[in-house]
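Undergrad: Take the sequence shown: its position 207, counting from 1, is numbered 620 in this note's numbering, and each next residue is one higher.
I have a structure I would like to understand better, so I am pasting it below and will then ask my questions one at a time.
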Amino acid sequence: MAWRPRRRTAIAVLATIVVLAPIAWFWQRSLVPGDLSPMEMGFADYGGGPATHAHHGQDVGTLTGPSGPADVVVDLVARQERFDIPGRGPMDGITLNHTSPGPEIVAKQGDLVQVTLQNESVPDGITLHWHGVDVPAAEDGVAGVTQDAVQRGQSHVYRFVAKDVGTYWYHSHQVSHEQVKKGLWGVLIVEPTANDVVAAVHTYDKVRTVNGGYGERRVAAPGSTVRVRLINTDNGPWAAWVDGAPYRVVAVDGTEVNAPPEVSNKSVLVTAGGRVDLQVTMPQGSAIRIGLGGGPTTLVIGEGNAPAGAEPRERVDLLSYGKPAQLGFDPAKATRVFRYDIGRRPGFLDGRPGLWWTINGHQYPDVPMFMVTEGDVVRMTIKNTSGQVHPMHLHGHHVVVLSRDGVAATGSPWWTDSLNVEDDESFEVAFVADNPGIWMDHCHNLPHAAQGLVTHLMYSGVTTKFHLGGSASNQPE
Ligand code: C2O
Ligand code: CU
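Right, dumping it as structure tokens:
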């Protein structure tokens, strides 16, 4: 019968459409527009609070640091060039003033810092973000949100007051998953103490370094007190410890710990982007070794032989470390309550099939926009069921940890800007919305951010004229 093959063909075509149409629909839906305003991204989530609309918009570009003469003036020139990793040879990367890490920036509390960033030869354009410093929004350095990427031959001036003492770092926030790895970063210390030792860990081209070198020795007199500033500029967490002396964890992410007790035979976790300051009293007649996540990269302080130890199995738990103190606000009076559920599922991202991160079940760029009003007390539960660890970083604010997996915090207020959220772990954090702007809230495993683990906290009424993609080719992740 003649109709049969034709009917079969029709059924086959129909079946193909039934199977492919939803796939095509998902594929099509996953395409990220080549030119997207961050304000148009995803959907508003008011966290149970009022859907406020400010009467007069405020452009992010107007939320700058103060004018007037600066106390610290730094000029940085970024170049794509070859540089030496001590002990390992040359690598093609990105330098600031011909070095990576870039120059260490040091300020006193209250100083007005002015950094002029010039791009001599980085083809994708660059920015600088002041990781952990709660700068005014226009100074935050996020390409496509707070500024355009600085293209070759251009420059950009950042100005902010170093109002909080502590250990910070800076890095590019344009194509950051590549540029940070390639070397576009540096250390920023506000109010260093006399006996400071910075230990900024960075992996260049599979070579793990501390302060740009393979390991180093610093001097310190026996009996003196040393402050070791641990900085994790990589994408994954590691644990630090001290061989040869007890220590205290005196600061986390730039905030002093209240009444830190002395610990020995314990390590402390430093998550990606995070900083932890240790205080050690130098022993008599021997050196100490700072273990930096196992492996050969360590830092030795003092004279004589340095003890070699393995990573202690026990960890300092910041949830119960130190003594409680005033927070300065009441999290029980929250005006907005958000959830930030991190998951993972198969699908398309910008047309590419894969296993992609989800935020509250949605995929980038169709993710929640956390909407707040200045003065809000905000609570947020960050829950991770994605199968991998995520170092979560909110720009422009520090958050305080209220609980982990339902267990309330009992130690010193645990203020953080880079929080290690393990798989199957859940943290409740709180903060005051006191810094108007549009702020990235993303995973600091930067390839994860590039894979869509990014959303924003947006103050009602704040607008931006910058675009993701677009003619400036802004690509913050
Ligand atoms: Cu250290 Cu959004 O970054
Ligand atoms: Cu992640």
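For each residue, glycine too, the CB sits at the ideal point set by N, CA and C.
Going by CA-CA distance only, name the one from Ile755, Pro778, Val750, Pro720 that's closest to aspartate 763.
TA: Pro778
Undergrad: On a Cα-Cα basis, can you pick out the residue from Ser873, Gly657, Val490 that is closest to valine 535?
TA: Val490
Undergrad: Look at the Cβ atom of arginine 621, then the Cβ atom of glycine 708, and state whether they are nearer than 8 Å.
TA: yes
Undergrad: For glycine 735, count the other beta carbons within 10 Å of its own beta carbon; 16 or more makes it buried, fewer makes it exposed. Which is it?
TA: buried
Undergrad: Would the region 817–824 count as touching the region 550–567 if we require 3 or more Cβ pairs under 8 Å?
TA: no
Undergrad: Going along the chain, which residues put their C-beta within less than 6 Å of some heavy atom in the ligand C2O?
TA: His542, His544, His584, His586, Gly686, His806, His808, Met853, His855, His857
Undergrad: Flag this pair as touching only if the region 621–633 and the region 709–716 have three or more C-beta atom pairs under 8 Å; answer yes or no.
TA: yes
Undergrad: Drop a sphere of 10 angstroms on the beta-carbon of alanine 464, count the other beta-carbons inside from all chains shown, and report buried for 16 or more, exposed for fewer.
TA: exposed
Undergrad: Just checking, does the region 830–840 make contact with the region 795–810 on the three C-beta pairs under 8 Å criterion?
TA: Yes: at least three Cβ pairs fall under 8 Å.
Undergrad: Specify, as a first and last residue, the run of the alpha helix (DSSP H) that glutamate 787 falls within.
TA: That residue, glutamate 787, is in no alpha helix (DSSP H); it is neither H nor E in DSSP.
Undergrad: Jot down the residue ranges of each uninterrupted beta strand (DSSP E) in the region 773–861, minimum 3 residues, whole runs only, in chain order.
TA: 781–785, 790–797, 803–807, 812–817, 831–834, 838–845, 851–856
Undergrad: What are the partner residues of glutamine 522, as DSSP defines its beta bridges?
TA: Answer is none; glutamine 522 lacks a bridge partner.
Undergrad: Between histidine 511 and the ligand CU, is there a pair consisting of the residue's CB and a ligand heavy atom that are separated by less than 7 Å?
TA: no
Undergrad: Leaving out the 5 sequence neighbours to the left and right, which residues in its chain are closer than 7 Å to proline 605 when beta-carbon positions are compared?
TA: Sequence-distant partners of proline 605 (beyond 5 residues in either direction) whose C-beta falls short of 7 Å from its own C-beta, in its chain, are Val519.
Undergrad: Considering just the uninterrupted stretch of the alpha helix (DSSP H) at histidine 590, what are its terminal residues?
TA: 589–592
Undergrad: To test your reading of the DSSP string, which unbroken beta strand (DSSP E) runs of 3 or more residues are found completely within the region 695–725?
TA: 701–705, 711–714
Undergrad: Return the chain-ordered ranges of every alpha helix (DSSP H) run that is complete within the region 509–569 and spans a minimum of 4 residues.
TA: Those alpha helix (DSSP H) runs which fall completely within the region 509–569 and span 4+ residues do not exist here.
Undergrad: Looking at the structure shown, is valine 632 part of a helix, part of a strand, or coil, going by DSSP?
TA: coil
Undergrad: Does the region 574–581 touch the region 541–554, meaning 3 or more C-beta pairs lie closer than 8 Å?
TA: Here the region 541–554 lies against the region 574–581, with 3 or more beta-carbon pairs under 8 Å apart.
Undergrad: Let's test the definition: count the other Cβ atoms within 10 Å of the Cβ of proline 737 and tell me whether it reaches 16, buried, or not, exposed.
TA: exposed
Undergrad: Tell whether a beta-carbon distance below 8 Å holds between aspartate 524 and histidine 542.
TA: no
Undergrad: Just to confirm my understanding: we take arginine 631, look at its own chain, exclude 5 residues before and 5 after, and list those with CB closer than 6 Å. What are they?
TA: Cβ neighbours of arginine 631 beyond the five flanking positions: Val610, Ile714.
Undergrad: Among Leu691, Pro659, His584, which residue has its Cα nearest to the Cα of aspartate 647?
TA: His584
Undergrad: Here's the rule: buried if 16 or more other CB atoms are within 10 angstroms of the residue's CB, otherwise exposed. What is lysine 594?
TA: buried
Undergrad: Given the structure, does histidine 590 come close to the ligand CU, in the sense that its CB is under 7 Å from one of the ligand's heavy atoms?
TA: Outside the cutoff, so no.
Undergrad: Determine the contact status of arginine 752 and glutamine 692, defining contact as a CB-CB distance below 8 Å.
TA: no
Undergrad: Going by the C-beta, is leucine 832 closer than 7 Å to any heavy atom of the ligand CU?
TA: no
Undergrad: Please confirm whether any heavy atom of the ligand CU lies closer than 7 Å to the CB of leucine 866.
TA: yes
Undergrad: Looking only at its own chain, which residues have a Cβ that is under 8 Å from the Cβ of glutamine 522, when we skip the five neighbours before and after it?
TA: Within the same chain, glutamine 522 has close Cβ partners Ala575, Lys576, Asp577, Val578, Val603, Glu604.
Undergrad: Around the C-beta of aspartate 432, are 16 or more other C-beta atoms found within 10 angstroms, so that it is buried, or is it exposed?
TA: The residue you asked about is not aspartate; residue 432 is valine in the sequence shown. So valine 432 ends up on the exposed side.
Undergrad: By Cβ distance below 6 Å, which residues in the same chain neighbour arginine 492 in space, the five residues on each side in sequence not counted?
TA: Residues of the same chain with a CB within less than 6 Å of the CB of arginine 492, apart from the 5 flanking positions on each side, are Thr508, Glu533, Ser534 in chain order.
Undergrad: Identify every residue that forms a DSSP beta bridge with arginine 757.
TA: According to DSSP, arginine 757 bridges with Trp770.
Undergrad: Since asparagine 887 sits in a beta bridge, which residues does DSSP pair it with?
TA: Gly882
Undergrad: Kindly identify the DSSP beta-bridge partner or partners of leucine 762.
TA: Paired residue(s): Arg765.
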